[in-house]
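A.B. asks: Following this message is one structure expressed as structure tokens.
Numbering (our numbering), first residue to last: 1437 to 1750.
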């Protein structure tokens, strides 16, 4: 049971990818090698589902289509446990590395596989490596016209000019377009600090990660979007040779502590899936907006997009 007294509910998200899909091993585990590599994904998802069940947390699972096609029973188990199923694309290619035609084919292929397995519309997408940036407005338009209704594909911490990036839920092209839900950062002393999970959650002291999430909720009054990858709970995963030292440290550090940290986090904050926390799906109550300064991250003129922040329904 949740023991927190905080009133704001946050979005818990899981990237369903295997250890050989991680960004740190890009180039060392090419697509053609994946079928011959020992998979750990079913074991890891079993661990994730059990962890979330302990605190009755409903989450959004961003699933690679490549994995879904090979592990259909796992996808159905995620849906049967009551979680939201969303797409991470099919082949784990960065949005920024694809042409428009390649990107559209990838997201439609993934959507089709997942919808066939779960029997429900897949409305959410997260780009591998949060790779939709200011020069990729076409990707947001393509997502919308391909049947998606929200994206969680940016991380202000990763941009060269993070002050220009949207930090909270916004409609980059106006309320008739796709909703972007960046992974959360906390703005402290003019810097964006990681509050949205990822390697920062493993590498930083847990108390700091908890404090940053509380800053987003209490000081900024916003729901957080938090995410982690399934392989981050697996200290026994095979080691891939050839990784540079920095990448090796960032990928393998504190894998043995992640599960305990996530279990604590699940009990100390209120959580839900994205479709629980943000009122964006068909039939949901009309969203309540609070005006925000227009972020230059999207490069739109004032007449093209007034960026608005979606407040939690909690």
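Glycine is no exception: its CB is placed at the ideal position from the N, C-alpha and C atoms.
Three-state secondary structure (DSSP) at residue 1448?
C.D. replies: As a first step, residue 1448 must be located in the chain shown, where it is residue number 12. Of the three classes helix, strand and coil, the one that applies to residue 1448 here is strand, per DSSP.
A.B. asks: May I have the straight-line CA-CA distance separating residue 1661 from residue 1651, to the nearest angstrom?
C.D. replies: Here residue 1661 refers to the residue found at position 225 when the chain shown is read from its first residue. Here residue 1651 refers to the residue found at position 215 when the chain shown is read from its first residue. Each residue's Cα considered, the two are about 13 Å apart.
A.B. asks: Buried or exposed: residue 1535, going by 16 or more other Cβ atoms within 10 Å of its Cβ?
C.D. replies: In the chain shown, residue 1535 corresponds to position 99, counting from 1. That one is exposed.
A.B. asks: So what does residue 1708 bridge to, in DSSP terms?
C.D. replies: Here residue 1708 refers to the residue found at position 272 when the chain shown is read from its first residue. In DSSP, residue 1708 forms a bridge with 1447.
A.B. asks: Let me know the secondary structure DSSP gives residue 1603 once reduced to three states.
C.D. replies: To locate residue 1603, count along the chain shown from 1; it is residue 167. In this structure, residue 1603 counts as coil in the three-state DSSP scheme.
A.B. asks: Check the DSSP bridge columns for residue 1676 and list the partner residues they point to.
C.D. replies: Within the chain shown, the letter at position 240 stands for residue 1676. DSSP output for residue 1676 lists no bridge partner at all.
A.B. asks: Mind checking whether residue 1486 and residue 1709 have CB atoms under 8 Å apart?
C.D. replies: The residue given as residue 1486 occupies position 50 in the chain shown. The residue given as residue 1709 occupies position 273 in the chain shown. Contact: no.
A.B. asks: Look at residue 1576 and residue 1521 and say whether their C-beta atoms are less than 8 Å apart.
C.D. replies: The count along the chain shown starts at 1 and reaches residue 1576 at position 140. The count along the chain shown starts at 1 and reaches residue 1521 at position 85. No, the Cβ-Cβ distance between residue 1576 and residue 1521 is not below 8 Å.
A.B. asks: Would you kindly report the start and end of the unbroken alpha helix (DSSP H) that includes residue 1537?
C.D. replies: Reading the chain shown from its first residue, position 101 is the one you call residue 1537. Run containing residue 1537: 1536-1554, per the alpha helix (DSSP H) assignment.
A.B. asks: Just confirm the distance between the C-beta atoms of residue 1526 and residue 1545, as a whole number of angstroms; I'd bet it's less than 8 Å.
C.D. replies: Taking the first residue of the chain shown as position 1, residue 1526 is located at position 90. Taking the first residue of the chain shown as position 1, residue 1545 is located at position 109. Rounded, the Cβ-Cβ distance is 4 Å, consistent with contact.
A.B. asks: Three or more beta-carbon pairs under 8 Å between the stretch 1691-1699 and the stretch 1469-1481, yes or no?
C.D. replies: Not touching, per the Cβ criterion.
A.B. asks: Looking only at C-alpha atoms, which of 1502, 1443, 1496, 1460 sits nearest to residue 1467?
C.D. replies: Counting from one through the chain shown, the residue named residue 1467 turns up at place 31. The option with the nearest alpha carbon to residue 1467 is 1502.
A.B. asks: Is it a yes or a no for the stretch 1444-1461 touching the stretch 1663-1675, going by three-plus beta-carbon pairs under 8 Å?
C.D. replies: They touch, by the three-pair rule.
A.B. asks: Just to confirm the assignment: which complete beta strand (DSSP E) runs, minimum length 3, are found wholly within the stretch 1458-1543?
C.D. replies: If we require 3 residues or more, the beta strand (DSSP E) runs fully inside the stretch 1458-1543 come out as 1496-1499, 1520-1523.
A.B. asks: Assess, as a yes-or-no matter, whether the stretch 1545-1559 is touched by the stretch 1493-1510 under the definition of 3 or more beta carbon pairs within less than 8 Å.
C.D. replies: Because the criterion of three Cβ pairs below 8 Å is met, the stretch 1493-1510 and the stretch 1545-1559 touch.
A.B. asks: Can the beta-carbon of residue 1658 be found closer than 8 Å to that of residue 1476?
C.D. replies: Numbered from its first residue, the chain shown carries residue 1658 at position 222. Numbered from its first residue, the chain shown carries residue 1476 at position 40. Their beta carbons are not under 8 Å apart, which means residue 1658 does not touch residue 1476 by this criterion.
A.B. asks: Helix, strand or coil, according to DSSP, for residue 1647 in the structure here?
C.D. replies: On the chain shown, residue 1647 is found 211 positions in, with the first residue counted as 1. Helix at residue 1647.
A.B. asks: Within this structure, are the beta carbons of residue 1494 and residue 1554 separated by less than 8 Å?
C.D. replies: Taking the first residue of the chain shown as 1, we reach residue 1494 at position 58. Taking the first residue of the chain shown as 1, we reach residue 1554 at position 118. No; because the gap between Cβ atoms is not below 8 Å, this pair is not in contact.
A.B. asks: Can you list, in chain order, the residues of its chain with a C-beta nearer than 8 Å to that of residue 1556? Leave out the 5 residues immediately preceding and following it.
C.D. replies: Position 120 of the chain shown holds residue 1556. Cβ within range, chain order: 1515, 1521.
A.B. asks: Roughly how many angstroms separate the alpha carbons of residue 1580 and residue 1711, rounded to a whole number?
C.D. replies: In the chain shown, the residue the question calls residue 1580 occupies position 144. In the chain shown, the residue the question calls residue 1711 occupies position 275. So the alpha carbons of these two residues sit roughly 16 Å apart.
A.B. asks: Grab the span of the beta strand (DSSP E) containing residue 1578 for me, first residue to last.
C.D. replies: Locating residue 1578 in the chain shown gives position 142, counting from the first residue. Taken as a continuous stretch (DSSP letters only), residue 1578 belongs to no beta strand (DSSP E), being part of the alpha helix (DSSP H) at 1573-1581.
A.B. asks: So residue 1637 is in the beta strand (DSSP E); what residue range does that whole segment cover?
C.D. replies: Walking along the chain shown from the start, residue 1637 turns up at place 201. Residue 1637 -> not in any beta strand (DSSP E); alpha helix (DSSP H) instead, spanning 1635-1639.
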